[in-house]
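Inspection log for the structure reproduced underneath, given as structure tokens.
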Amino acid sequence: MGNLQNGLFGGFVGRVGNLVGYMLNGKNVIRTIGHTGKPLSPARKINCDRMKIINGFLQPIIPFLKLGFKLKVHGTDRNYYNEAVSYNKKHAVAGEYPNATMDYSKAKISMGSLLKAENPQIQVLDTEIEFSWDVPAELSWRNRTDRAMVLLCFPGHSDARYCLSGAQRQEGKHRIPIPLYLLNERIEAYISFINDDGSEISDSVYAGSIAKKEALPEEKAIDSADNQEPIVAQGIKTSRKRSAQAKTSSKTILQSKNKVKLRSKLPSFPETISLSPDHPDPDISESD
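Right under this line is the structure:
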């Protein structure tokens with residue numbers, strides 16, 4: 023049910039029939055909701071495919087986009103995420119449907135008028151990724167304290183790591199730690215700059231890519247052994263325990279059978295033997 027905000031002829035918030043009303047940047051927006059049973063046209067198939075590719079790239083980095091496109095949509099009725107989708111769907115998709123793919127080198131995650139990063143690069147240092155960029159000798163004082171905004175995307179995991187206020191531009195480098203499980207994965211990197219009061223931001227610049235590191239055969243064997251060790255050890259322990267129980271049981275049965283055989287071979291004797299002088303025991307000889 024929708025709620026009227028400004029009387030009968032004003033906008034509303036909520037759903038009324040197939041209409042949905044909401045506020046966007048201080049303005050009332052009303053849209054229709056509908057479903058169609060018609061098959062998708064070729065053009066719609068292409069658009070849906072591109073949207074899927076771009077959303078897969080942008081969804082993990084929404085906090086970065088919110089700051090990166092904030093100034094771009096300021097004073098308009100446009101949304102920061104829609105602005106990011108609009109640009110990247112047009113420029114950062116390579117190939118044609120149904121074989122289209124993401125072109126990470128052409129993607130943008132921030133847009134503005136501030137001085138961009140010059141010649142950015144990345145390298146792996148232990149469990150960190152180091153961003154570096156050129157610091158011109160003639161760099162103006164107003165740009166020396168700009169803060170680096172750095173982003174690492176991991177396409178194979180739909181994951182990302184970022185810093186929204188990193189090292190100053192004049193420092194020329196910034197490091198960002200990454201967890202061990204992402205250390206050998208494919209990395210796509212971007213860098214932007216934002217000034218101290220957040221009133222200006224730069225266009226993002228693609229800082230490079232690091233290919234996924236494939237584990238060596240011996241590393242795979244070690245990892246496999248490490249992963250299976252508790253299970254195998256438990257299995258061995260259980261097997262040994264069962265084997266010991268089986269041996270004990272077999273030994274008990276064998277002993278019981280031997281006792282039965284031994285008893286069958288022994289002669290039977292009366293339970294009570296009476297000895298008298300007239301009937302001496304034949305097995306006891308008199309001593310001298």
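In the working numbering, the protein residues as written are 23 to 310.
Quick reminder that beta carbons are idealized off the backbone N, C-alpha and C, glycines included.
Predicted model only: the values in this text are computed from it and were never measured.
For residue i versus residue j, is the C-beta spacing smaller than 8 Å?
| i | j | result |
| --- | --- | --- |
| Phe215 | Ala116 | no |
| Ala211 | Gly188 | no |
| Ile75 | Ala122 | yes |
| Tyr103 | Ile84 | yes |
| Gln190 | Arg169 | yes |
Which of helix, strand or coil does DSSP assign to residue i?
| i | result |
| --- | --- |
| Leu173 | strand |
| Gly230 | strand |
| Tyr109 | helix |
| Ser127 | helix |
| Ile216 | strand |
| Ile200 | coil |
| Ala116 | strand |
| Lys259 | Residue placement at Lys259 is poorly supported in this model, since its pLDDT is 39, which falls under 50; the coordinates are not used for a value here. |
| Ala182 | strand |
| Val254 | A caution first: Val254 carries a pLDDT of 38, below 50, which makes its placement in the model unreliable, though a value can still be read off. Correct three-state label for Val254: helix. |
| Leu137 | coil |
Can you tell me which of the options puts its alpha carbon nearest to the alpha carbon of residue i?
| i | options | result |
| --- | --- | --- |
| Tyr119 | Lys128, Asn165, Lys67 | Lys67 |
| Thr98 | Asn50, Ala114, Lys112 | Asn50 |
| Lys72 | Ala114, Asn141, Arg37, Asn101 | It is worth fixing the name first, because residue 72 is Arg in this sequence and not Lys. Closest by alpha carbon: Ala114. |
| Pro177 | Arg169, Arg166, Ala233, Met171 | Ala233 |
| Asn165 | Ser135, Leu174, His179, Cys185 | Ser135 |
| Leu202 | Val107, Arg183, Val38, Lys195 | Arg183 |
| Val172 | Asp225, Lys111, Asn110, Asn101 | Asp225 |
Taking only the alpha-carbon atoms, compute the straight-line gap between residue i and residue j and give it to the nearest angstrom.
| i | j | result |
| --- | --- | --- |
| Ile198 | Asp218 | 20 Å |
| Lys235 | Leu204 | 10 Å |
| Asn77 | Leu41 | 25 Å |
| Glu193 | Pro64 | 51 Å |
| Glu105 | Gly220 | 19 Å |
| Ile55 | Pro61 | 18 Å |
| Val227 | Gln81 | 19 Å |
| Ile327 | Thr167 | With the chain running from 23 to 310 in the structure shown, residue 327 is simply not present. |
| Val38 | Lys92 | 31 Å |
| His196 | Asp125 | 25 Å |
| Asp156 | Asn141 | 6 Å |
| Asn110 | Asn101 | 14 Å |
Am I right that residue i and residue j are in contact with their C-beta atoms under 8 Å? What's the rounded C-beta distance?
| i | j | result |
| --- | --- | --- |
| Gly90 | Ile213 | Rounded, the Cβ-Cβ distance is 11 Å, inconsistent with contact. |
| Met133 | Lys94 | 5 Å |
| Glu150 | Ile200 | 7 Å |
| Ser127 | Gln143 | In fact, because the Cβ distance is near 14 Å, the residues do not count as touching under 8 Å. |
| Leu186 | Phe86 | 7 Å |
| His179 | Glu207 | 6 Å |
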